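Number of protein chains: 2
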Amino acid sequence: MFKALADPTRRLLLDTLRERGGRTLGELEEVVVEHTPMTRFGVSKHLRLLEEANLVVTLRSGREKLHHLNPVPIQQVHDRWIDKYTERRLTALTTLKSQLEEKP
Amino acid sequence: MFKALADPTRRLLLDTLRERGGRTLGELEEVVVEHTPMTRFGVSKHLRLLEEANLVVTLRSGREKLHHLNPVPIQQVHDRWIDKYTERRLTALTTLKSQLEEKP
DNA sequence: TTGACATGTGACCAAATGGTCACCTAACCT
DNA sequence: AGGTTAGGTGACCATTTGGTCACATGTCAA
């Protein structure tokens, strides 16, 4: 799941699907090719990884395969390392760092 | 930044630093070695990646280097793909998928 | 049924990544 | 000064990953 997020092409696919879901492989290939040179097969492989990571949900309709973004795993990543008090602690740390290091 | 999250050892380091910050390389090495066989050098490399990804902030104190978790980039990942209406849309999609595919 | 269209699979190659080691610098403590 | 401790660097190797291609499957439409 984390590895699925680690590739720029896959993040582009997620961005595209966030904008509008229900796209076919062909449509997604067009979008990717605008940004980087890649064949249909490459896009297909990336989509399979995103599916396995449960970041993309698919729905077959005849010979077409419609892809949709699944935001739940990303929410889980967020919840793993963020709590509502963390941001305040970070601010305190930054201040401390400045105080301790700005004297050469 | 995304690649930094793609490795289990680095996620373990983030988890450890979330629990308590201000740890030295030596402390972190101990924690990692409990879970997986790795030398100090391996841990050091992973920490460097986390620093470059801005997921870990360091603070030198004498010959020690204290590591802290920086949650801001993770917050940004969350904000990139999640909006407050997305969750509801996902529920609708799941229902649709069931309706359309559960007839063989 | 015949052909065109949308997608999937397995083999294969080049490049990036994870990990270790030998060696090095710098700080603390008698 | 000398020894010990904390950490860093560059070379190197094994494995994984990104990408393509030849080929195969299944679906629509005439």
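As they're listed, the protein sequences go chains L and D.
All the letters of the first sequence, read from the start, carry residue numbers 1 to 104 under my numbering.
All the letters of the second sequence, read from the start, carry residue numbers 1001 to 1104 under my numbering.
Glycine is no exception: its CB is placed at the ideal position from the N, C-alpha and C atoms.
Since this is a predicted model, take the numbers as computed values, not measurements.
Margin query: Check whether the region 1041-1056 of chain D and the region 1012-1021 of chain D touch, using three or more Cβ-Cβ pairs below 8 Å as the test.
Written below: Yes, the region 1041-1056 of chain D is in contact with the region 1012-1021 of chain D.
Check: Cβ of V43(L) versus every heavy atom of the ligand SAM: is any distance shorter than 7 Å?
Finding: Absence of the ligand SAM is noted for the structure shown, with no ligands found whatsoever.
Checklist line | Cβ neighbours of L1059(D) in the same chain (closer than 6 Å, five flanking residues each side left out) | finding: Shown here for L1059(D): same chain residues with a beta carbon closer than 6 Å to its own, the five before and five after excluded, namely L1066 in chain order.
Margin query: Between which residues of its own chain and E1064(D) is the CB-CB distance below 6 Å, once the five residues before and five after are set aside?
Written below: T1024
Notebook entry, point to check: Based on Cα-Cα distance, which residue from G62(L), V57(L), V77(L) and S61(L) lies nearest to L17(L)?
Noted result: V57(L)
Next item on the list: State the Cα-Cα distance for the pair A6(L) and Q76(L), rounded to the nearest angstrom.
Entry: 16 Å
Margin query: Assuming contact is defined by CB atoms lying nearer than 8 Å, are G1021(D) and L1069(D) in contact in what I supplied?
Written below: Contact: yes.
Notebook entry, point to check: Any Cβ of chain L within less than 8 Å of the Cβ of V1077(D)?
Noted result: yes
Check: For the putative contact between P1073(D) and L1055(D), defined by C-beta atoms under 8 Å, what is the C-beta separation to the nearest angstrom?
Finding: That belief holds up - the Cβ atoms of P1073(D) and L1055(D) are roughly 6 Å apart, short of 8 Å.
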